[in-house]
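Some notes on the structure that comes next.
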Amino acid sequence: MTPPRARTWGRIGQTPVVRVRGRGSGRVSMAGMTCYKPGQRSRLIYAFREYRGRKDEPKGFGWRDFRDLITRARTQLGGPIVLVWDNVRLHLTAGIRKFIDANAEWLTVFQLPTYAPDLNPQEGIWSLVKRDIGNLAAADLGQITRAVKRRLKKIQYHPDLVDGCLTGIGLTFD
Numbered sequence: 129m130t131p132p133r134a135r136t137w138g139r140i141g142q143t144p145v146v147r148v149r150g151r152g153s154g155r156v157s158m159a160g161m162t163c164y165k166p167g168q169r170s171r172l173i174y175a176f177r178e179y180r181g182r183k184d185e186p187k188g189f190g191w192r193d194f195r196d197l198i199t200r201a202r203t204q205l206g207g208p209i210v211l212v213w214d215n216v217r218l219h220l221t222a223g224i225r226k227f228i229d230a231n232a233e234w235l236t237v238f239q240l241p242t243y244a245p246d247l248n249p250q251e252g253i254w255s256l257v258k259r260d261i262g263n264l265a266a267a268d269l270g271q272i273t274r275a276v277k278r279r280l281k282k283i284q285y286h287p288d289l290v291d292g293c294l295t296g297i298g299l300t301f302d
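If you're matching positions, the sequence shown starts at 129 in this note's numbering and goes up one per residue.
Okay, here's the thing in structure tokens:
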């Protein structure tokens, strides 16, 4: 559990040091979608997964998890989806391609260029989450998970933050 680093205040000449235990391994993985529709509030739909280092436990998201996230988004949004995706390897697997082809009547997918975080509003969401937990000295993985979940819920209920991530990449609704 390598903790994230952030700036903080301290006395002049005394660098604040926070000790964290180095034992154990684990991480929190997040996947999400920022959803925009003119005339309606912006939405954030997400999923996260804890990895505790146990045998036969998936380390991150698989293509089925992305499929389930897209299906859940369609249920929540109640209509067709135009998905603009980055080029993560899992987004290009055969399983996800078959899913996209099988659901072409309600799912349209566009790929972003190979490495373009400045074109992806979801990167702004992850930045907000990481900034909030930057100085967290967590005792265990559960505490990190709770902090991430709490921050994602806050963002979810503030559509102005989600809109700001769209504006941050230079796009607006007319």
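Beta carbons: idealized from backbone N, C-alpha and C, even for Gly.
Trp191 (DSSP reduced to helix, strand or coil) = Here residue 191 refers to the residue found at position 63 of the sequence shown. Correct three-state label for Trp191: helix.
Alpha helix (DSSP H) containing Ser255: first to last residue?
-> Along the sequence shown, one-based indexing puts residue 255 at 127. Note, Ser255: alpha helix (DSSP H), 249 to 260.
Give me the Cα-Cα distance between Ile224 and Ser157, rounded to the nearest whole angstrom.
-> On the sequence shown, residue 224 is found 96 positions in, with the first residue counted as 1. On the sequence shown, residue 157 is found 29 positions in, with the first residue counted as 1. Near 19 angstroms, if we compare the C-alpha coordinates of Ser157 and Ile224.
Going straight from the alpha carbon of Lys165 to that of Pro144, what length do you get?
-> The sequence position of residue 165 within the sequence shown is 37, counting from 1. The sequence position of residue 144 within the sequence shown is 16, counting from 1. If I take the Cα positions, the gap works out to 45 angstroms.
Could you check the C-alpha separation between Leu197 and Gly298 for me, to the nearest Å?
-> Here residue 197 refers to the residue found at position 69 of the sequence shown. Here residue 298 refers to the residue found at position 170 of the sequence shown. Leu197 and Gly298: Cα-Cα distance of roughly 26 angstroms.
Met129 (DSSP reduced to helix, strand or coil) = Numbered from 1 along the sequence shown, position 1 holds the residue referred to as residue 129. Low local confidence applies: a pLDDT of 40 at Met129 is under 50, so the model's placement there is unreliable, with the coordinate-based value given in what follows. If DSSP states are grouped into helix, strand and coil, Met129 belongs with coil.
Just the Cα atoms here: how many angstroms apart are Asp288 and Asp193?
-> Residue numbering aside, residue 288 sits at position 160 when the sequence shown is read from its first letter. Residue numbering aside, residue 193 sits at position 65 when the sequence shown is read from its first letter. The C-alpha of Asp193 is placed about 27 angstroms away from the C-alpha of Asp288.
CA-CA distance, Ala159 and Trp213?
-> What you label residue 159 is simply residue 31 of the sequence shown in a count that begins at 1. What you label residue 213 is simply residue 85 of the sequence shown in a count that begins at 1. Ala159 and Trp213 have their C-alpha atoms some 12 angstroms from each other.
Sequence-distant residues of the same chain with beta carbon closer than 8 angstroms to Val216, five excluded per side = Counting from one through the sequence shown, the residue named residue 216 turns up at place 88. The beta carbon of Val216 sits closer than 8 angstroms to none of the beta carbons in its chain outside the five residues before and after it.
Inter-residue CB distance, Val290 and Leu172 (contact presumed, cutoff 8 angstroms) = Along the sequence shown, one-based indexing puts residue 290 at 162. Along the sequence shown, one-based indexing puts residue 172 at 44. The distance from the Cβ of Val290 to that of Leu172 is about 5 angstroms, consistent with a contact at the 8 angstroms cut-off.
Please name the residue in Tyr174, Gly138, Gln142 whose C-alpha comes closest to that of Lys282.
-> On the sequence shown, position 154 is the one that residue 282 refers to. Taking each of Tyr174, Gly138, Gln142 in turn and checking the Cα distance to Lys282, the smallest one comes out for Tyr174.
Is the region 268 to 278 touching the region 233 to 250, taking contact as three or more C-beta pairs under 8 angstroms?
-> Contact between the region 268 to 278 and the region 233 to 250 is absent, because fewer than three Cβ pairs lie under 8 angstroms.
Hey, how far is the Cα of Arg202 from the Cα of Phe227?
-> Walking along the sequence shown from the start, residue 202 turns up at place 74. Walking along the sequence shown from the start, residue 227 turns up at place 99. Arg202 and Phe227: Cα-Cα distance of roughly 14 angstroms.
Contained alpha helix (DSSP H) runs [length at least 4] in the region 160 to 235, N- to C-terminal order = The alpha helix (DSSP H) runs of length 4 or more contained entirely in the region 160 to 235 are, from start to end of the chain, 191 to 205, 222 to 230.
Taking the Cβ atom as the reference point for each residue, do Gly154 and Tyr179 lie within a distance shorter than 7 angstroms?
-> Counting from 1 along the sequence shown, the entry for residue 154 is found at position 26. Counting from 1 along the sequence shown, the entry for residue 179 is found at position 51. The answer is yes: Cβ separation under 7 angstroms.
So who's on the other strand from Gln239, going by DSSP bridges?
-> To locate residue 239, count along the sequence shown from 1; it is residue 111. Trp213, per the DSSP bridge assignment.
Give the DSSP-derived three-state secondary structure of Arg274 in the structure shown.
-> Counting from 1 along the sequence shown, the entry for residue 274 is found at position 146. Arg274 falls in the helix class under three-state DSSP.
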